[in-house]
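Encoded as structure tokens, the structure appears first; notes follow it.
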Amino acid sequence: MLPAMDARLEALLDQLHREGVDFDAGRADRRERRRNLEPDSARLLHLLVLATGAKRLLELGSSNGYSTIWLAAAVAANEGAMVSVDLDEGRLGEARANLAAAGLEGTVELRREDAGAALSGSPESSWDMVFLDAERPAYPGYWADLVRVLRPGGLLAVDNVISHADEVADLRTLAGADRRTEEALAPTGAGLLLVTRLARPRAG
Ligand SMILES: C[S@@+](CC[C@H](N)C(=O)[O-])C[C@H]1O[C@@H](n2cnc3c(N)ncnc32)[C@H](O)[C@@H]1O
324 MLPAMDARLE ALLDQLHREG VDFDAGRADR RERRRNLEPD SARLLHLLVL ATGAKRLLEL
384 GSSNGYSTIW LAAAVAANEG AMVSVDLDEG RLGEARANLA AAGLEGTVEL RREDAGAALS
444 GSPESSWDMV FLDAERPAYP GYWADLVRVL RPGGLLAVDN VISHADEVAD LRTLAGADRR
504 TEEALAPTGA GLLLVTRLAR PRAG
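Residue numbers (the working numbering): 324 to 527.
This is how it looks when you write it as structure tokens:
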């Protein structure tokens, strides 16, 4: 088993986070920013991967690989593997270089792929964990596939549910109403919605 985190990796992640904040500060267009996860949220997701023993993880929205490295370090310690998708070839190139600097390139398959296509192309129950961090208006359309592709007992995490509550409201309504899932809000960073697929649907 690999160590999940060490001082060198922590230093690299600190550097990436600082660079990301500086990079984003100079860009008015949201789509040009890296929009990396808050470090506290990244640390919480890392811990959840370790605690749940997730070995098959799908990330939707890689950007330059900041969250990917946090997740991959834990997946590698669990002796698993992950896929991370993004539409932006430039960002994926940066993610590839950052993962190599972290020594985690063997743990992550980076793909230029639409999040919806990655979900619809995933078999039933194929992921232990899914991290959703892409374009929020599309999220409600992903719901049916999100539940389908998570294994029972698997975990879905969605970022920005406090910072952009109105944009994630429809997804939260779906998650709250669905008897196949249970959800909780972790008020960490920009707010993480955590959803698990139940082994047996709740009684109505
Ligand atoms: C908030 S950023 C992801 C940040 C990243 N998770 C991190 O913490 O470092 C959102 C990313 O989603 C990508 N994206 C937007 N729409 C997408 C889609 N439909 N499919 C895949 N990626 C998408 C964007 O190119 C952008 O890099």
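Every residue gets a Cβ at the ideal spot worked out from N, C-alpha and C, and that includes glycine. Since we're looking at a predicted model, the values are computed, not measured.
Checklist entry - Are the Cβ atoms of His487 and Arg459 separated by less than 7 Å? => result Closer than 7 Å, so yes.
Checklist entry - With distances taken from CA atoms, which of Arg525, Gly527, Leu515 is nearest Arg371? => result One point to set straight first is that residue 371 is Leu, not Arg, in the sequence displayed. Among Arg525, Gly527, Leu515, the Cα nearest to that of Leu371 is on Leu515.
Item to check | Same chain, Cβ closer than 8 Å to Trp450, neighbours up to 5 away in sequence not counted | outcome: For Trp450, where only same-chain residues beyond five positions count, the Cβ hits under 8 Å are Arg379, Leu380, Leu381, Val472, Leu473, Arg474, Gly477.
Item to check | Exposed unless 16 or more other CB atoms sit within 10 angstroms - verdict on Val344 | outcome: Counting the other CB atoms within 10 Å of its CB gives Val344 a total below 16, which places it among the exposed residues.
Next on the checklist: Please state the DSSP three-state secondary structure of Pro460.
Outcome noted: helix
Checklist entry - Quick one: does the C-beta of Asp489 sit closer than 6 Å to a heavy atom of ligand 1? => result no
Next on the checklist: Let me check understanding here. Comparing Cα to Cα, which of Phe346, Leu368, Ala327 lies closest to Leu479?
Outcome noted: Leu368
Checklist entry - Less than 6 Å between the CB of Gly458 and some heavy atom of ligand 1, yes or no? => result It is Glu, not Gly, that sits at residue 458 in the sequence shown. At least one heavy atom of ligand 1 is nearer than 6 Å to the Cβ of Glu458, so yes.
Next on the checklist: On the criterion of 16 or more Cβ atoms from any shown chain inside 10 Å, does Asp468 qualify as buried, or is it exposed?
Outcome noted: A residue is called buried once 16 or more other Cβ atoms fall within 10 Å of its Cβ, and Asp468 is buried on that count.
Checklist entry - What did DSSP end up calling Val408 once you bin it into helix, strand or coil? => result strand
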